[in-house]
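Trainee: Chains as they are written, first to last, in this note's numbering: chain D, 1 to 290; chain Z, 1001 to 1290; chain Y, 2001 to 2290; chain A, 3001 to 3290.
There are 4 protein chains.
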Amino acid sequence: MVLNKSFGVIGGDLRQLEVARKLKEDGNEVSVYGLDNIQKKQMVDIKTLNLKDMVSTSDYLVFPLPVTRDGININAPFFSSHINMKYDLCPLLDSQAIFGGIITSFAEAVNNPKIHINDYYAREDFMIFNALLTAEGAVKIALNESQDTINKSKCLVVGYGRIGKVLSRLLKDMGALVTVSARNSKDVSWAKINGYQTINVNNLENEVHFDLVFNTVPAVILNSTNLHLIKISNLIIDLASAPGGVDTKTAEALGIKVKLAPGLPGKFFPKSAGKIIVETIYKIIKEKNL
Amino acid sequence: MVLNKSFGVIGGDLRQLEVARKLKEDGNEVSVYGLDNIQKKQMVDIKTLNLKDMVSTSDYLVFPLPVTRDGININAPFFSSHINMKYDLCPLLDSQAIFGGIITSFAEAVNNPKIHINDYYAREDFMIFNALLTAEGAVKIALNESQDTINKSKCLVVGYGRIGKVLSRLLKDMGALVTVSARNSKDVSWAKINGYQTINVNNLENEVHFDLVFNTVPAVILNSTNLHLIKISNLIIDLASAPGGVDTKTAEALGIKVKLAPGLPGKFFPKSAGKIIVETIYKIIKEKNL
Amino acid sequence: MVLNKSFGVIGGDLRQLEVARKLKEDGNEVSVYGLDNIQKKQMVDIKTLNLKDMVSTSDYLVFPLPVTRDGININAPFFSSHINMKYDLCPLLDSQAIFGGIITSFAEAVNNPKIHINDYYAREDFMIFNALLTAEGAVKIALNESQDTINKSKCLVVGYGRIGKVLSRLLKDMGALVTVSARNSKDVSWAKINGYQTINVNNLENEVHFDLVFNTVPAVILNSTNLHLIKISNLIIDLASAPGGVDTKTAEALGIKVKLAPGLPGKFFPKSAGKIIVETIYKIIKEKNL
Amino acid sequence: MVLNKSFGVIGGDLRQLEVARKLKEDGNEVSVYGLDNIQKKQMVDIKTLNLKDMVSTSDYLVFPLPVTRDGININAPFFSSHINMKYDLCPLLDSQAIFGGIITSFAEAVNNPKIHINDYYAREDFMIFNALLTAEGAVKIALNESQDTINKSKCLVVGYGRIGKVLSRLLKDMGALVTVSARNSKDVSWAKINGYQTINVNNLENEVHFDLVFNTVPAVILNSTNLHLIKISNLIIDLASAPGGVDTKTAEALGIKVKLAPGLPGKFFPKSAGKIIVETIYKIIKEKNL
């Protein structure tokens, strides 16, 4: 927790609103900019400043995830106007510490060594906590799309990275029969010792049957060949970011429903996502002594 | 599994369709009646007979849960006409074994000792398996209504009967911090040994704080007095059947969202619910040698 | 927690010493009698009184579990002399509240309605917490007797009462493949919903294979007939009190190791056992307003 | 599973006997050498050959873990004589595939590129499965040394590598309150998401209290400074290989019991350990097409 410091929170969605709320709850001075439309609805009582006043009075500036979607303006879907990175923001910056998720193009625009630019999304710890939100989001989709419970359902989790690990555990704890598809021997061993069946979907010799398939790998693992061997009674939930890991055409032709589901943390659990951002920012401040 | 027997499946909703599908998959002769509108949509290939032919050719008749909603006709929301218990059905019955959920008023209409009437809903084992569907349904509601994950959320489960037991375990396994409210010392001890905090909401001395509250008790435990002491940041999910266990007026006045959620198994997981019905029917047939 | 009260702790084993220690730690006035030999070794600093002074200055007297083994003297294995219930103790009692485990014969000796006699061992809550100690004790025996891990081992738990429930869960959580043997349909349903395989060992049609068998039922379920159908690669741990639930002669003839293991809480975990006794006594005092 | 191949199993302890037994059970031709004294006792029916005949008739040779303790002879504690690596074994070898644990010095003695030398102990997958045996072994020690259950006990696990991960999970699943001590932010995040408290014992500002401490780090983390801040009511179990990770002198001076516990898999669970060796050998054979 950081006390007696002032934060400016700029742009973004519900996550940013939660970031502002939590920062204030922790005893910091907080102002927001570019959240007009959403802030009214949610009735969060935080002061709004104009950009110039905010920047001049803030020790830290917090930008959204992603910082920008077009490379030009700050990502601010709930703002009625625009915040141009180069013309509106850069001239105001002096020696603040700046935080944002996927911040490269903004960093290039700033191009000032006095400004400490920190990408919380690039941090392993952020990604680990975010994986949990993705996993619960995947469960939410499964519950909404299926007429069967997760308990007793046969689930395949493709990939055993951060999301694969957290999701397999969650499904197993909910009573599903979980199989993990992994390639390297280390991942396979961990998956086994954690209580899962294991297969390698790129190396199937016989048909396998599952109710639910969750893809976490950003490569088309569930291609035509594999989809012909994996019989799926329910649906595929593709958690990989675009273009995803499923040959959707083949899946459709085979009558398999595919649900593309990137970016779940922000969509489904903006409050939890906001809390993770704040905790990560606190850690960065402490580690770098900002 | 029962082989080489004929089942007639009459009325009901998606659960009944799954009952028919599963009975057939297990190798039985199956016909349906009164599921017209839904059967087409779901394209389940099971023969339809008229009521007379079905009854005369079936060893067992399966009625829905509940068998009737008005005390006069079979509960058949996907049928374009009516099935009058007394005039359409009773005259056709001879010596079949009959299965249904909450079947009392139909049993009275039948009033024939040669007909074996069995209420699967009255069985403890059915209720136990059903509790799991309710628990997952409650999780689905929580995930849909909340901007926070269940993981790390502070949950209160009121009541430690069948649903309370299964739901507490599920929430805990999903990473929630679970408190159980129970009254008698046996329940409290089991709740403690199973790893939950315990309180008695009827006996609160100080304020308690929760993110999510799940009521499982069919009595207004969450009354005005108690709601003033239980601070709830998110919502109450009331799983008790009408009139429920929450003083909704007080809750609303306090700004607490209440989600009434009776009958989740049929609404959310008709396939799983149908499977439980079939398994229970098999057990009854075996136990009673029908 | 009970403050500012005086407790006399009489006889018993390491559990009683822990009872005294915990009562004192919680802020009570505590004296002991009949624990001489053990108290020195464990160097617990609690005052010893003679019986007369203890009784006259104590609000509550705590006797061991069991209170007596011979029906004549208090069970006091670490005392160099005897404490005769009828002649040494009864004349001293006035209006104290008395606590003990299996206290019937002492209650008969006392035969005074002014004395509140409470049997903590007769309480359901005590038994539930005690079941956990038995379950961990069973795990300890399995680990000591076996050359295989519990993880991945095939375990059969006979009986699904208090100990069966807690032990099945513990074994499953340790990674064992757990089968529960139960008879009634309610227990079978709960066992299934809690994630176990189920069988009825009294109703076996084919051979079954297990590494470890735990009996919790005080009746010879593992009789000759059943032992010929249950192939056991490792051992049977019999948790039922004497005469136990295993036909040991047949087991030996079949080369199956049997480990009789009654009374584990006191033997293996006297400290935890003592804490449960104290907590139960506090609850009794509160409930009965003693 | 490898069929129709011949294995020679040389030296070692109970693990090697299990290796031989399992290889044979899987349908391989198996002979043993150097297990005389133990084989009789355990009455495992596997043929013994002299070294020359074994080597000449075996496709694969399996050496123990470790292969040698003195750098000269094969590690064969249950053999009444010696097996000199250089003089007895090397001259006999031709083109076999050889497996052993910590095999470097034997590999140097062999010094023949035609012999495929494989160290199963050097493999990540072997180490992961082995970690589970260490974890259960640590639990066994705790149960044997303590008068309290693991359930509800406050445990500190120092280190979050393979053993730390598996042990924390096991203790938590047994109902302990687990704190993990880790240094890097990735480990801390995983420990948190897996449901543990986290501290850094090298960075303590205040006293912390635990019942049980498990060290998994092969460096003296529990040094004098740290031991003065970590109050331990029960004992330290040091799982790190010699010289261990505890300043035992300071611990003793503080009255803390320390249990050195290296090499648990072979000591406590030789059968499970043997199975892991066999499974790893099968994987090596398949991967390298030996």
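Note that the Cβ used here is the ideal one computed from N, Cα and C, for glycine as well.
Since the model is a prediction, treat every value here as computed from it, not as a measurement.
#1: Please identify, using Cβ separations under 8 Å, the residues of the segment 2257 to 2274 of chain Y that lie next to chain A, in order along the chain.
#2: Determine the DSSP secondary structure at Y:Ser2233, reduced to helix, strand or coil.
#3: Taking A:Met3174 as the query, report the chain Y residues whose CB atoms sit under 9 Å from its CB, ordered along the chain.
#4: Which runs of the alpha helix (DSSP H) spanning at least 4 residues fall entirely within the segment 14 to 64 of chain D, listed in chain order?
#5: My parser needs the alpha helix (DSSP H) runs of 4 or more residues fully inside the segment 1162 to 1217 of chain Z; what are they?
#6: At the 8 Å Cβ level, is Z:Ile1163 part of the contact set with chain D, yes or no?
#7: Starting from A:Gly3137 and walking both ways along the alpha helix (DSSP H), at which residues does that stretch end?
#8: D:Phe268 lies in the alpha helix (DSSP H); which residues open and close that run?
#9: Just mark D:Thr225 as buried or exposed, buried being the case when its beta carbon has 16 or more other beta carbons within 10 Å.
#10: Going by beta-carbon coordinates alone, are Y:Gly2175 and Y:Lys2152 separated by less than 8 Å?
#11: With distances taken between CB atoms, is the gap from A:Tyr3033 to A:Gly3008 smaller than 8 Å?
#12: Can you say whether Y:Arg2069 is buried or exposed, counting buried as having 16 or more other CB atoms within 10 angstroms of its CB?
#13: Between Y:Thr2280 and chain A, is the shortest Cβ-Cβ distance under 8 Å, so that the two count as touching?
#14: Within the chosen definition, does the segment 2228 to 2246 of chain Y reach the segment 2136 to 2147 of chain Y through at least 3 CB pairs nearer than 8 Å?
#15: Run down chain D in chain order and give the residues with a C-beta less than 9 Å from the C-beta of A:Lys3221.
#16: Restricting to Cα atoms, I'd like to know which of A:Phe3106, A:Asp3053 and A:Lys3114 is closest to A:Asn3075.
#17: So, helix, strand or coil for Y:Lys2154, using DSSP?
#18: So with CB distances below 9 Å, who are the chain A contacts of D:Ser185?
#19: Under 8 Å between the Cβ atoms of D:Ser181 and A:Ile3128?
#20: Per DSSP, what are the beta-bridge partners of A:Ser3006 in this structure?
#21: Just the Cα atoms here: how many angstroms apart are Z:Lys1231 and Z:Glu1205?
#22: Can you give the Cα-Cα distance for Y:Asp2211 and Y:Ser2233, rounded to whole angstroms?
#23: Determine the burial state of Z:Pro1243: buried for a count of at least 16 other Cβ atoms within 10 Å of its Cβ, exposed for fewer.
#24: Could you say which of D:Asp59, D:Ile10, D:Glu18 and D:Arg123 lies nearest to D:Asn50 if we only look at CA atoms?
#25: DSSP three-state label for D:Phe106, please.
#26: Considering only C-alpha positions, which residue in the set Y:Ser2006, Y:Asn2004, Y:Leu2035 and Y:Asn2111 is nearest to Y:Glu2018?
#27: Taking A:Ser3146 as the reference, give the member of Y:Gly2012, Y:Leu2290 and Y:Gly2266 with the closest Cα.
#28: Identify the continuous alpha helix (DSSP H) that holds A:Ala3251 and give its terminal residues.
#29: Tell me, to the nearest whole angstrom, how far the beta carbon of Z:Leu964 is from that of Z:Val1055; I am working on the premise that it is less than 8 Å.
#30: Quick one: which chain D residues come within Cβ less than 7 Å of A:Leu3143?
#31: From what residue to what residue does the beta strand (DSSP E) around A:Ile3117 run?
#32: For D:Asp45, count neighbouring Cβ atoms within 10 angstroms of its own Cβ and tell me buried if that reaches 16, exposed if not.
#33: Measure how close the beta-carbons of D:Leu227 and D:Ala251 come, nearest whole angstrom, since I'm counting them as under 8 Å.
#34: Between Z:Asp1125 and Z:Lys1283, how many whole angstroms is the CB-CB distance? I'm expecting something under 8 Å.
#35: Any beta carbon from chain A within less than 8 Å of Y:Gln2016's own beta carbon?
#36: Are any of the Cβ atoms in chain D nearer than 8 Å to that of A:Val3180?
Mentor: Based on what the coordinates show:
#1: Phe2268, Phe2269, Pro2270, Lys2271 and Ser2272
#2: DSSP places Y:Ser2233 in the strand class (E or B) of the three-state scheme.
#3: Glu2136, Val2139, Leu2170, Asp2173 and Met2174
#4: Those alpha helix (DSSP H) runs which fall completely within the segment 14 to 64 of chain D and span 4+ residues are 14 to 25, 36 to 42 and 51 to 57.
#5: 1162 to 1173 and 1185 to 1193
#6: no
#7: Glu3124 to Glu3145
#8: Leu264 to Phe268
#9: Exposed, because fewer than 16 other Cβ atoms sit within 10 Å of the Cβ of D:Thr225.
#10: yes
#11: In contact: A:Tyr3033 and A:Gly3008 (Cβ atoms closer than 8 Å).
#12: Counting Cβ neighbours within 10 Å, Y:Arg2069 comes out exposed, since fewer than 16 surround it.
#13: no
#14: yes
#15: With the sequence shown as reference, residue 3221 of chain A is identified as Ile, and Lys is not the correct amino acid for it. Residues of chain D whose Cβ lies closer than 9 Å to the Cβ of A:Ile3221 do not exist; the shortest such Cβ separation is about 21 Å.
#16: A:Phe3106
#17: strand
#18: Arg3123, Glu3124, Asp3125, Lys3283 and Glu3287
#19: In this structure, A:Ile3128 does not lie closer than 8 Å to D:Ser181 by Cβ.
#20: A:Glu3029
#21: 13 Å
#22: 5 Å
#23: exposed
#24: Distance check between D:Asn50 and each of D:Asp59, D:Ile10, D:Glu18 and D:Arg123 places D:Ile10 closest, using alpha-carbon atoms only.
#25: helix
#26: Y:Leu2035
#27: Y:Gly2266
#28: Thr3248 to Ala3253 is the span of the alpha helix (DSSP H), which, as asked, contains A:Ala3251.
#29: The question about residue 964 of chain Z has no answer, for chain Z in this structure spans 1001 to 1290.
#30: Within chain D, no residue comes near A:Leu3143; the closest Cβ sits about 21 Å away, beyond 7 Å.
#31: His3116 to Asp3119
#32: exposed
#33: A Cβ-Cβ distance of about 6 Å is found for the pair D:Leu227 and D:Ala251, placing them in contact under the 8 Å criterion.
#34: Separation of the CB atoms of Z:Asp1125 and Z:Lys1283 is rounded to 7 Å, and the pair is thereby assigned contact status at 8 Å.
#35: Closer than 8 Å: no.
#36: no
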